[in-house]
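Listed in order, the protein sequences are those of chains A and F.
Following the numbering used here, the numbering of the first sequence begins with 1 at its first residue and continues without gaps.
Following the numbering used here, the numbering of the second sequence begins with 192 at its first residue and continues without gaps.
Notes follow the structure.
There are 2 protein chains.
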Amino acid sequence: MVNYVEKTRKRVKEADVNDLFIHRWSPRAMTGKVLNDDVLNTLFEAARWAPSSMNNQPWRFLVSKRNDKHWDTYFDLLMEGNKVWCKDASHLIVVVSKKTLENCSEYPSHSFEAGSAWQNLALQASLINVVVHGIGGFDYEKAREKLNIPEDYKVEMMIAVGEYNKNLSDEKQEKISGRKSLSEIIINGSF
Amino acid sequence: MVNYVEKTRKRVKEADVNDLFIHRWSPRAMTGKVLNDDVLNTLFEAARWAPSSMNNQPWRFLVSKRNDKHWDTYFDLLMEGNKVWCKDASHLIVVVSKKTLENCSEYPSHSFEAGSAWQNLALQASLINVVVHGIGGFDYEKAREKLNIPEDYKVEMMIAVGEYNKNLSDEKQEKISGRKSLSEIIINGSF
Numbered sequence: 001m002v003n004y005v006e007k008t009r010k011r012v013k014e015a016d017v018n019d020l021f022i023h024r025w026s027p028r029a030m031t032g033k034v035l036n037d038d039v040l041n042t043l044f045e046a047a048r049w050a051p052s053s054m055n056n057q058p059w060r061f062l063v064s065k066r067n068d069k070h071w072d073t074y075f076d077l078l079m080e081g082n083k084v085w086c087k088d089a090s091h092l093i094v095v096v097s098k099k100t101l102e103n104c105s106e107y108p109s110h111s112f113e114a115g116s117a118w119q120n121l122a123l124q125a126s127l128i129n130v131v132v133h134g135i136g137g138f139d140y141e142k143a144r145e146k147l148n149i150p151e152d153y154k155v156e157m158m159i160a161v162g163e164y165n166k167n168l169s170d171e172k173q174e175k176i177s178g179r180k181s182l183s184e185i186i187i188n189g190s191f
Numbered sequence: 192m193v194n195y196v197e198k199t200r201k202r203v204k205e206a207d208v209n210d211l212f213i214h215r216w217s218p219r220a221m222t223g224k225v226l227n228d229d230v231l232n233t234l235f236e237a238a239r240w241a242p243s244s245m246n247n248q249p250w251r252f253l254v255s256k257r258n259d260k261h262w263d264t265y266f267d268l269l270m271e272g273n274k275v276w277c278k279d280a281s282h283l284i285v286v287v288s289k290k291t292l293e294n295c296s297e298y299p300s301h302s303f304e305a306g307s308a309w310q311n312l313a314l315q316a317s318l319i320n321v322v323v324h325g326i327g328g329f330d331y332e333k334a335r336e337k338l339n340i341p342e343d344y345k346v347e348m349m350i351a352v353g354e355y356n357k358n359l360s361d362e363k364q365e366k367i368s369g370r371k372s373l374s375e376i377i378i379n380g381s382f
C-alpha cells in the first residue's frame, strides 16, 4: 500500500522546481466513493483562474456524478479499456472549448487555453490527493451528439475524478511515467 | 510600490482552492535584467512534467535570450503594442506543439497539451515571482518562416519572461483580471 504522492518519488528532476509538478500523476485506482460537491468545486475553481487571451476563458466542463441521470450516457462514451477502471470514478467530465468569440469570429487559442485550465484542475486535485485522470480514449462524435455539444465548441478530453484507492494501486500495476529531457523540448533560437 | 502577489488580493474565490492559482497573473512591468539559465530551466522543468496522451509530450519551446543573436528576430515578431513592454523582457519564447506522432499519424490533442505545459511554466514562474506573460499578438506565419518551424508543428503562443519591476507596475496601470463565475463554465450533464 502506497500513498498518492509516494508513487512519484522515483521521478528525477533535471532542474530545481516546486514538487507540486512532480507529484501530480494520473492514477487509475479509485474507490467508487462519490465525492462531495465541495471537492468538485475546488477543482473547477482552480481551472477558472487559468489565463487566456483577452481573458476570453474558452473552457467549459460538462459533468456527470456517479449514478445521476447522465452517468450511463457519459460512461458509454468511453472505450472498453477505460470502462474497466472508470467504473470506480466519482465523476466523469467532458472538457470542451469555445472556438469563437461573442461576435462569432474565430478564436484560435481555444484548445491551448482549455489545456491550461485542465492543468490547473489536475494540480489542485493532486494537492488534495484526489484522482483526476485525463482520457483521450472515448467517442468524440458520440459525445457531441449525446450531450448536445454545439458546433462552435470543440470536444477536447474526458476526465475521470475519484477518491484514490491506496489498496488497489499496486495491484493494478500503475506505472509512473518519466519525461523527455529538457534538451529535447527546448530549442535555442531556431529549428 | 506593490509586490507581485499583492496585486491579486482583490480576486474573489467562489470556492476554496490553493492560493497558487489565484496568485498567478500576467504582469507587463519588467526590469530588463537578464535572468540566469537556472531560472529559465526551473520554468521548463515545470512544463516538462505536464501530462499528455500516451506521454507523447508534444510541447516545444523556442527560446531567445535578450541581446543574443536571435533576439531581434523574436522581438520583430511582436505586434507594436507588445513591443512597448517586451523591450524589458529577459527572454522571449515561442511555444509550438507537434501535430503528429513518430509514425506521422495525426495527434489531435497537441494544442491542448501544450497549453497544460504552458500552465505549469506559468505557475512555477509565479511561485518564484518571475514575470511570464503569454502573448497572442505576434506574426504567427513570420515566426514559422524566420525560425524554420516545420509544418508538422503548430505555432501556439509567445511568452515574455522577465524580472518583475515593482516600481513600474502601478505606473503602467496593470489591471488584475477577474473570471467568469463557476456557473458559467460548468454544465451539468448536457448542453
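All C-beta atoms, glycine included, are put in the ideal place defined by N, C-alpha and C.
These numbers were taken from a predicted model, which means no experiment stands behind them.
- Residues of chain A with a Cβ closer than 8 Å to the Cβ of P218 of chain F do not exist; the shortest Cβ-Cβ separation is about 12 Å.
- If you check the CB distance, K345 of chain F and K274 of chain F do not come in under 8 Å.
- Chain A has no Cβ within less than 8 Å of the Cβ of E293 of chain F.
- Contact annotation, K69 of chain A with G380 of chain F: C-beta distance approximately 7 Å; criterion of less than 8 Å satisfied.
- Across the set A:D152, A:N165, A:I185, A:V161, the C-alpha of A:D152 shows the shortest separation from the C-alpha of P58 of chain A.
- Chain order gives no chain F residues near V161 of chain A, where near means a beta carbon separation below 9 Å; the closest approach is about 13 Å.
- Close to chain A, meaning a Cβ-Cβ distance shorter than 7 Å, are the following residues of the stretch 277-309 of chain F: S300, S302, F303, E304, A305, G306, S307, W309.
- Annotation: E151 of chain A has no Cβ neighbours in chain F at a cutoff of 8 Å; minimum Cβ distance is about 11 Å.
- Note on the stretch 247-273 of chain F: whole beta strand (DSSP E) runs with a minimum of 3 residues are 250-256, in chain order.
- The C-beta of G178 of chain A has fewer than 16 other C-beta atoms within 10 Å across all chains shown, which makes the residue exposed.
- Collapsing the DSSP output to three states places G353 of chain F in a strand.
- Exclusion of the five residues before and after K10 of chain A leaves I176 as the residues of its chain whose Cβ lies within less than 8 Å of its Cβ.
- Its chain contains no residue whose beta carbon lies nearer than 6 Å to that of W240 of chain F once the 5 sequence neighbours on both sides are disregarded.
- Using beta-carbon distances, S244 of chain F counts as an interface residue toward chain A, with a partner under 8 Å.
- Selection F:F212, F:K204, F:N294 evaluated against N311 of chain F yields F:F212 as nearest (Cα-Cα).
- Judged by pairs of C-beta atoms under 8 Å, the stretch 280-288 of chain F does not touch the stretch 99-109 of chain A, as fewer than three such pairs exist.
- Taking the C-beta atoms as reference points, V323 of chain F is found nearer than 8 Å to A313 of chain F.
- Per DSSP, the continuous beta strand (DSSP E) segment holding L92 of chain A begins and ends at 91-98.
- For F138 of chain A, the secondary structure class from DSSP, reduced to helix, strand or coil, is strand.
- By the C-beta density criterion, E336 of chain F is exposed, having fewer than 16 other C-beta atoms within 10 angstroms.
- Take the alpha-carbon of S53 of chain A and the one of L43 of chain A: they are about 22 Å apart.
- Closer than 8 Å to the CB of R251 of chain F there is at least one CB belonging to chain A.
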